[in-house]
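Each residue of the sequence shown is one higher than the one before, starting from 460 at the first, in this note's numbering.
All C-beta atoms, glycine included, are put in the ideal place defined by N, C-alpha and C.
What follows is a short report on a single structure.
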Amino acid sequence: MSDLPNPKSQIKNPESQNWFESWFDTPYYHILYKDRDYTEAQLFMDNITNYLNLPEEAKILDLACGKGRHSIYLNQLGFDVTGADLSENSIAEAKKSENERLHFVVHDMRKPCDEKYDAILNLFTSFGYFENDADNLTTLKAIQESLTEYGFAVIDFMNVHQVIANLVAEEVKTVDGIDFKIKRFHIDGYIYKEIDFEDKGQQFHFTEKVRALTLEDFENLMEEAGIYLLDTFGDYKLKKFHKSESERLIMVFK
460 MSDLPNPKSQ IKNPESQNWF ESWFDTPYYH ILYKDRDYTE AQLFMDNITN YLNLPEEAKI
520 LDLACGKGRH SIYLNQLGFD VTGADLSENS IAEAKKSENE RLHFVVHDMR KPCDEKYDAI
580 LNLFTSFGYF ENDADNLTTL KAIQESLTEY GFAVIDFMNV HQVIANLVAE EVKTVDGIDF
640 KIKRFHIDGY IYKEIDFEDK GQQFHFTEKV RALTLEDFEN LMEEAGIYLL DTFGDYKLKK
700 FHKSESERLI MVFK
């Protein structure tokens, strides 16, 4: 693996050492994950917006929105939506779908937003990427500062216990003629995914690295941030969270 190109060499900002700034800005990220179940995702957004009982004119922030597919759906439900993501390429693509009540911005989730929102949604394990653990607390505080007085935030994270228990160590996933060789492992409090593939005669190597945060970890962070955890769910149908069984860890707070 040492002779493979280092993804950090592709990062636009040479001072940055974050894996996600290179990987998420490549077309290969979107190729690998193109078959995600968006019907299930839309069901989740139907359920969570109903649960939050948001007014029709509610302003929603889709934090770490990628190319904006879920922002677009939330907008179709009638909400005033802003999608925010660190990837300039993803936001450039998402902006093609903008309208009067749907906007996209390049934004670092560690920083509070200029506007206040009635709901902030951080979907599909888009948290815990940072090298510095303090950034997780900084992000929670930034979310808190970006909410209206009566606003709600939702973090949809993996259920670490279930993921680790069912970790597939190695697999090859072929998408669009590219063989993505994937290795997964859990070490030092992180879940890693090593991704190797070849395209057009060039070898590529990327690493995904997510902090293995449990509900207890989130509760400690939220207590430190002065955040009130209202409810937890274990799947997109909003069933009760069970540590050993649930697919997801969905937290609602204000």
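Residue span of the beta strand (DSSP E) that contains residue i, given as start and end
i: residue 668; result: 661-670
i: residue 498; result: Residue 498 -> not in any beta strand (DSSP E); alpha helix (DSSP H) instead, spanning 497-511.
i: residue 709; result: 707-712
i: residue 681; result: Careful: residue 681 lies outside any beta strand (DSSP E), inside the alpha helix (DSSP H) at 674-684.
i: residue 600; result: Counting along the chain, residue 600 falls outside any beta strand (DSSP E), though it belongs to the alpha helix (DSSP H) covering 593-604.
i: residue 576; result: 576-581
i: residue 584; result: No beta strand (DSSP E) contains residue 584, which DSSP labels as neither H nor E.
i: residue 644; result: 637-646
From the options, residue whose alpha carbon lies closest to that of residue i
i: residue 550; options: 635, 525, 539 and 541; result: 525
i: residue 614; options: 502, 507, 493 and 477; result: 507
i: residue 639; options: 653, 647 and 626; result: 653
i: residue 499; options: 706, 624, 712 and 711; result: 706
i: residue 711; options: 592, 594, 573 and 612; result: 612
i: residue 591; options: 477, 604 and 713; result: 477
i: residue 649; options: 509, 676 and 656; result: 676
i: residue 571; options: 554, 596 and 600; result: 600
i: residue 680; options: 709, 527 and 596; result: 596
i: residue 582; options: 659, 521, 620 and 621; result: 521
i: residue 573; options: 700, 683, 656 and 603; result: 603
i: residue 619; options: 554, 651, 663 and 497; result: 651
Expected contact under 8 angstroms - CB spacing of residue i and residue j to nearest Å
i: residue 568; j: residue 598; result: 5 angstroms
i: residue 544; j: residue 566; result: 7 angstroms
i: residue 484; j: residue 546; result: 5 angstroms
i: residue 626; j: residue 645; result: 6 angstroms
i: residue 665; j: residue 482; result: 5 angstroms
Where the alpha helix (DSSP H) through residue i begins and ends
i: residue 619; result: 619-624
i: residue 787; result: Because the chain is modelled from 460 through 713, residue 787 falls outside the range shown and cannot be assessed.
i: residue 553; result: 547-553
i: residue 491; result: 486-491
i: residue 528; result: 528-535
Sufficient close CB pairs (3 or more, under 8 angstroms) joining the segment 504-518 to the segment 565-585:
yes
Is it true that the segment 685-692 meets the segment 619-635, where meeting means three or more beta-carbon pairs spaced less than 8 angstroms apart?
no
Three or more C-beta pairs under 8 angstroms: does that hold for the segment 530-546 against the segment 554-562?
yes
Check whether the segment 665-674 touches the segment 578-592, taking contact to mean three or more Cβ pairs, one atom from each stretch, closer than 8 angstroms.
yes
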